[in-house]
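K.L.:
My questions will all concern the structure given below.
Protein chains in written order, with our numbering: chain A, 26 to 202; chain Z, 333 to 1079.
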């Protein structure tokens, strides 16, 4: 089982609902965020193109943060989700430096924090909070190893990209373009 | 208080002034710091409480969850709600921040004079309500009860409106009419005999072509519409966006028409020309349902795309192509009527052109166009009939705004200034949930009215610009801490929703229904609030609707089957429209009778002077009105507004992204604070853009104070629509003041 998130940049309006839903669901302290919205505009007025992406931890299959963690706090969990064990984390920040996506932050409680794909919700059969709140329904979550899953179907039917593929991290966050 | 009131920053009270009376209050404050619920006497539970959102007017239904410690945790959408389908927008999701905002109003405040200086002192509810009731009675006796007005933009308006009507005043105004959607309601009523309601009856879900003209759907996060637009996009619908700014939805559109600001009516007339000249209109529909087609054909004969090109800067080929695209999708096409359409003072005429274009394409009453709504009739809890008012708000303007069908907030404001109208009509205001200083343009007029009144009562959850002008400030608890009226929204199917308190009110705050009832009892109008408790009133209403408070606590939302008819007109059906002719009036007989152009006429608008740029403003998805900038969760998403500047203009002025500038408008009015520049290709060189609702001047709003600019203070030139009194606010021009460049916000 490999969990993945597929995000349709054609539908995303960049409203940041995913950000605030994550913050309330996971009690992320004000001033910090596990996910965020990026807007890229290209061209000169009036010949313009824009892409909006909801970004977060890429849940890499080949995760530099797991490899570099000196205490084993950063680890792979069920379905390839990369998690941090807060009690084991010494807050050294090696994982923050090694992450090409800048997806991790030092939590005020002293450990490193990041997106968990809402693993606590997945265990109960729900989707991540960001996916389930999105008003444009531009985010999808599921198992890449199941060819019948919505994420697998979308990746077969649509053009997509991953972020910084040259880093060789094999991200599980896909953006439909 | 007869002395001319001045604005007092509530912060002038100092810290001591905010200590709560009594030990219980202090305990609560301490508890809040450490995680409040225990002291509030809440039992920890994981139950969810039904609510509907009050962060914006859309009122999506949701659930409020508490965590294992009994602390408010999160709000999610209600799956059964036809407005949100289980998905709230960022404001609704961030609604918890309203509760946890530590800057909330905490206890009643009364204006007083100390050492010759006006200030506030804390008061008990008894004292504050006694005072208001006494003053209202005195004012009603001296000037007539119709001299008391209510401004409202929240659920509490219902209760204060009952109180006013019991007294004999019908002057209840919401800025959502004359500052927002009024022109389109009048335009559609004069055309179809029916308005667009709220939420709008646009059938975006099934549309094949959505035309947005000056409407940035997605940035104005009107939940149902955004969800349906996304569905329509997925099904391959075409979006045509007309906007001088490259809005988010422009980036998703098949066609983006970067129109010169203030020329939209010319484009609409040119589209109408193409659709008639190329015979693309729905002939059967026009023949059967409309009145005045031949006059319209003659009227638009010369409004060619070439004519419009010189005005709008949109190329004729694009105008023709987009008109054909609309016609190809007809009748599943929507020329969206928009919201916040008060721009240039000829807004009713522009929206008439929108209504006409829809009629030509046969979209009204058709799938993918505009559906026919249905709603529940919620009975009133038994109460005596209201007395007939001696005068209505309309008599303040005997000759003006003949087609306005609701009270004008700006009009009542104007009529509160002695000498401004033949007879000054208003002496007291109750203001509930609307920050008028940041909502009404022409701040000087608003301040003059506030100085002239005998009594100003402000009911709100937060300190704001308007609370500083109150004689009495009544702290309302947030929507998460109270019951409220039954939500009853027009939609494809009738539906109702319940708001119940998820927790006890924090501090010394109270629900508006309690305040209005207490005032009514003191004034001898208790019969109009004859229920023992609000639960009793709601349960009685719910039982009349075939359910109960107990059931609604479990479901939150109840959907009903439609009472009558279909969502759409049947083919070949003859329809009686509620217009003078019984037809869709392309040529408007009521506009003609009132002395206005029966067909929309394009008039050019003023251009910016040298070195000045048109001030355009709009919405961001995470904020609403001028009410959310201090919400900790929403401020975390966006803490100040940016000034969008085209790179060409930025180079001329030496501006870089991140610089702070102040703005000066064409009348020499300077912004109080500085705004951060964002250099972007997404805006034309003749205008600048900012999100509305920032630049708060009340220091008590610790997060929002001095962050960004308040666009309203730069709107001194207001173009009032003579037809219905809408206040056109896009006719102001600004230039840059560079003194603050490089400085932080908060001057």
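Here a beta-carbon is modelled for each residue, glycine too, at the ideal position from N, C-alpha and C.
1) Does DSSP classify residue 199 of chain A as helix, strand or coil?
2) Over the uninterrupted beta strand (DSSP E) stretch that includes residue 644 of chain Z, give me the two end residues.
3) Quick one, which residues of the stretch 145 to 173 of chain A are near chain Z if we go by CB-CB under 9 Å, in chain order?
4) Closer than 8 Å by beta-carbon distance: list the chain A residues that pair up with residue 578 of chain Z, in chain order.
5) Taking 8 Å as the threshold (beta carbon to beta carbon), is residue 405 of chain Z in contact with chain A?
6) Could you give the C-beta distance for residue 888 of chain Z and residue 393 of chain Z, rounded to a whole number, given that I count them as a contact under 8 Å?
7) Count the other CB atoms within 10 Å of the CB of residue 97 of chain A; is the residue buried (16 or more) or exposed (fewer)?
8) Determine the extent of the alpha helix (DSSP H) in which residue 882 of chain Z is found, giving its start and end residues.
9) If we require 4 or more residues per run, which alpha helix (DSSP H) segments fall completely within the stretch 764 to 845 of chain Z?
10) Determine the chain Z residues that contact residue 46 of chain A at a beta-carbon separation under 7 Å, and present them in chain order.
11) Considering just the uninterrupted stretch of the alpha helix (DSSP H) at residue 424 of chain Z, what are its terminal residues?
12) Return the first residue and the last residue of the beta strand (DSSP E) that residue 574 of chain Z is part of.
13) Kindly say whether residue 137 of chain A, judged by its beta-carbon, lies nearer than 8 Å to any beta-carbon of chain C.
14) Would a check of beta-carbon distances place residue 1014 of chain Z closer than 8 Å to chain A?
15) I'd like the span of the beta strand (DSSP E) that includes residue 587 of chain Z, first residue to last.
16) Measuring straight from C-alpha to C-alpha, what distance separates residue 489 of chain Z and residue 501 of chain Z?
17) At 3 residues or longer, and completely inside the stretch 434 to 489 of chain Z: list those beta strand (DSSP E) runs for me, N to C.
18) Just the C-alpha distance for residue 499 of chain Z and residue 857 of chain Z, rounded to the nearest angstrom, thanks.
19) Could you check whether residue 34 of chain A and residue 200 of chain A sit closer than 8 Å to each other, using their CB atoms as the reference points?
20) Tell me, please, whether the CB atom of residue 968 of chain Z is closer than 8 Å to any CB atom in chain A?
21) Would you kindly report the start and end of the unbroken beta strand (DSSP E) that includes residue 429 of chain Z?
22) Could I get the ranges of all uninterrupted beta strand (DSSP E) runs contained in the stretch 486 to 572 of chain Z, with 3 residues as the minimum, in chain order?
23) Rounded to the nearest angstrom, what separates residue 725 of chain Z and residue 772 of chain Z at their Cα positions?
24) Please tell me whether residue 176 of chain A has its Cβ less than 8 Å away from any Cβ of chain Z.
25) Counting only C-beta atoms, is residue 3 of chain A closer than 8 Å to chain Z at any point?
26) According to the Cβ coordinates, are residue 1033 of chain Z and residue 962 of chain Z closer than 8 Å?
27) Helix, strand or coil: how does DSSP classify residue 872 of chain Z here?
28) Judging by CA-CA distance, which residue of Z:987, Z:1067, Z:1053 is the nearest neighbour of residue 1000 of chain Z?
29) Is the shortest distance between the beta-carbon of residue 398 of chain Z and the beta-carbons of chain A less than 8 Å?
30) Determine which residues share a DSSP beta bridge with residue 131 of chain A and list them.
31) Taking the alpha-carbon of residue 1048 of chain Z as reference, which of Z:706, Z:606, Z:401, Z:776 has the nearest alpha-carbon?
32) I want to see whether chain A comes within less than 8 Å of residue 574 of chain Z, judged by CB atoms only; does it?
33) Quick check on residue 186 of chain A: does DSSP put it in helix, strand or coil?
34) Can you give, in chain order, each stretch of the alpha helix (DSSP H) that sits fully within the stretch 80 to 122 of chain A and has at least 4 residues?
35) Just the chain A side, please: which residues come within less than 7 Å of residue 584 of chain Z by C-beta, in chain order?
36) Beta-carbon separation of residue 743 of chain Z and residue 510 of chain Z under 8 Å?
P.N.:
Taking the geometry as given:
1) When secondary structure is reduced to three states using DSSP, residue 199 of chain A falls in the strand class.
2) Note, residue 644 of chain Z: premise wrong, no beta strand (DSSP E); alpha helix (DSSP H) at 637 to 644.
3) Within the stretch 145 to 173 of chain A, 154, 157, 158, 159, 160, 161, 162, 163 place their CB atoms closer than 9 Å to a CB of chain Z, listed in sequence order.
4) At a C-beta separation below 8 Å, residue 578 of chain Z has these neighbours in chain A: 66, 70, 71, 73, 75.
5) For residue 405 of chain Z, at least one C-beta of chain A is nearer than 8 Å to its own C-beta.
6) The Cβ separation is near 5 Å, so the contact holds.
7) Residue 97 of chain A is exposed by the Cβ-count criterion.
8) Where residue 882 of chain Z is concerned, the enclosing alpha helix (DSSP H) stretches over 881 to 887.
9) Segments of the alpha helix (DSSP H) lying fully in the stretch 764 to 845 of chain Z: 768 to 771, 775 to 784.
10) Simply 425.
11) Where residue 424 of chain Z is concerned, the enclosing alpha helix (DSSP H) stretches over 422 to 425.
12) If you look at residue 574 of chain Z, you'll find it in the beta strand (DSSP E) that goes 570 to 574.
13) The structure shown has no chain C; the protein chains it does contain are A and Z.
14) Residue 1014 of chain Z counts as touching chain A.
15) According to the DSSP assignment, residue 587 of chain Z belongs to the beta strand (DSSP E) that extends over 587 to 589.
16) Roughly 14 Å separates the two Cα atoms.
17) The stretch 434 to 489 of chain Z is shown to contain whole beta strand (DSSP E) runs of 3 or more residues at 441 to 446, 449 to 454, 480 to 484, in chain order.
18) Distance between the alpha carbons of residue 499 of chain Z and residue 857 of chain Z: 8 Å.
19) Taking 8 Å as the Cβ cut-off, residue 200 of chain A and residue 34 of chain A qualify as a contacting pair.
20) True, the Cβ-Cβ gap to chain A drops below 8 Å.
21) Element bounds for residue 429 of chain Z: not the beta strand (DSSP E) but the alpha helix (DSSP H), 428 to 432.
22) Within the stretch 486 to 572 of chain Z, the complete beta strand (DSSP E) runs of at least 3 residues are 541 to 545.
23) Looking at the backbone, the Cα of residue 725 of chain Z and that of residue 772 of chain Z are separated by about 17 Å.
24) Not closer than 8 Å to any Cβ of chain Z, the Cβ of residue 176 of chain A fails to qualify, so no.
25) In the structure as shown, chain A starts at 26 and stops at 202, and residue 3 of chain A therefore has no counterpart that could be examined.
26) Contact flag set, yes.
27) Note: residue 872 of chain Z maps to helix in three-state DSSP.
28) The shortest C-alpha separation from residue 1000 of chain Z is found at Z:1067.
29) No, residue 398 of chain Z does not count as interfacial toward chain A.
30) BP columns for residue 131 of chain A point to A:137.
31) Closest option to residue 1048 of chain Z, Cα to Cα, is Z:776.
32) No, because no Cβ of chain A sits closer than 8 Å to the Cβ of residue 574 of chain Z.
33) In this structure, DSSP gives residue 186 of chain A an extended state, which the three-state scheme calls strand.
34) For the stretch 80 to 122 of chain A, the continuous alpha helix (DSSP H) assignments of 4+ residues that do not extend past its boundaries occur at 89 to 93, in sequence order.
35) Those are 35, listed as they occur along chain A.
36) The Cβ atoms of residue 743 of chain Z and residue 510 of chain Z sit closer than 8 Å to each other.
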